Ligand SMILES: Cc1cc2nc3c(=O)[nH]c(=O)nc-3n(C[C@H](O)[C@H](O)[C@H](O)COP(=O)(O)O)c2cc1C
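Residue numbers (the numbering used here): 11 to 182.
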């Protein structure tokens with residue numbers, strides 16, 4: 011963990027061996043290769059009661075603060091019921107208004123198939139915009155079959171998103 015990470019990865023999967031989380035990590039690694047500091051937040055590690063605002067938790071408060079202060083956020087989620095996970099929504103609901111102003115956000119989703127790929131544009135982009143964040147034009151969507159059969163295609167998406175985010179960091 012670094013004191014002031016430029017990039018924060020935020021994983022919204024409930025799975026311990028998560029495909030979407032692995033993609034978040036891969037984007038972070040590509041950015042780190044250019045000297046960008048990063049921190050990683052796995053929502054599955056945070057207490058569910060606190061995520062539902064039924065209790066307070068220091069780790070959750072730190073995660074919210076880290077997310078709010080990130081220059082770049084890389085958000086990954088599996089598609090659940092045609093959208094992002096409830097866990098990711100619960101976390102975003104706890105962020106203050108305009109929490110992502112001045113934050114560029116890279117979007118990543120994985121799904122069982124391609125039917126719900128537009129959730130990136132129809133669900134994730136509005137979610138980010140509701141907090142005044144700016145989504146990168148590139149995003150990653152990969153189906154489970156593509157991840158298994160076409161790793162090169164997925165890698166191209168990873169590199170394209172990392173390059174766009176790097177350009178936004180360097181433009182500051
Ligand atoms: C509760 C649940 C709901 C799901 N709903 C969808 C869905 O609506 N559309 C879809 O394409 N995949 C759906 N999936 C499949 C996952 O999105 C897919 O396997 C994904 O790659 C898992 O990502 P993860 O390994 O990061 O958790 C669902 C999976 C679960 C567990």
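Quick reminder that beta carbons are idealized off the backbone N, C-alpha and C, glycines included. Just so you know, these numbers come straight off a predicted model, no measurement behind them.
(1) Check whether the region 147-156 touches the region 168-176, counting contact only when three or more Cβ pairs, one atom from each stretch, lie closer than 8 Å.
(2) If I follow the unbroken alpha helix (DSSP H) through residue 121, where does it start and stop?
(3) Check for me: the beta strand (DSSP E) holding residue 110 runs from which residue to which?
(4) Would residue 49 be called buried (16 or more neighbouring beta carbons within 10 Å of its own) or exposed?
(5) Can you give me the C-alpha to C-alpha distance between residue 181 and residue 131, rounded to a whole angstrom?
(6) Closest by CA to residue 143, which one among 162, 166 and 102?
(7) Does the distance from the CB of residue 126 to the CB of residue 92 come in under 8 Å?
(8) Taking the C-alpha atoms as reference points, what is the distance between residue 60 and residue 123?
(9) Determine the DSSP secondary structure at residue 177, reduced to helix, strand or coil.
(10) Spatial neighbours of residue 11 within its chain, please: C-beta separation below 6 Å, excluding the five flanking residues on both sides.
(11) Between residue 157 and residue 28, what straight-line distance do the alpha-carbon atoms span, to the nearest angstrom?
(12) Relative to the C-alpha of residue 178, which candidate in 53, 95 and 41 has its C-alpha closest?
(13) DSSP three-state call for residue 70: helix, strand or coil?
(14) Put residue 44 into one of helix, strand or coil per three-state DSSP.
Taking the coordinates as given:
(1) yes
(2) No alpha helix (DSSP H) holds residue 121; the beta strand (DSSP E) holding it covers 114-121.
(3) First-last for residue 110: undefined, no H or E at that position.
(4) buried
(5) 24 Å
(6) 102
(7) yes
(8) 32 Å
(9) helix
(10) For residue 11, the predicted model reports a pLDDT of 46, less than 50, meaning its position is unreliable and no value from the coordinates is stated.
(11) 12 Å
(12) 41
(13) helix
(14) coil
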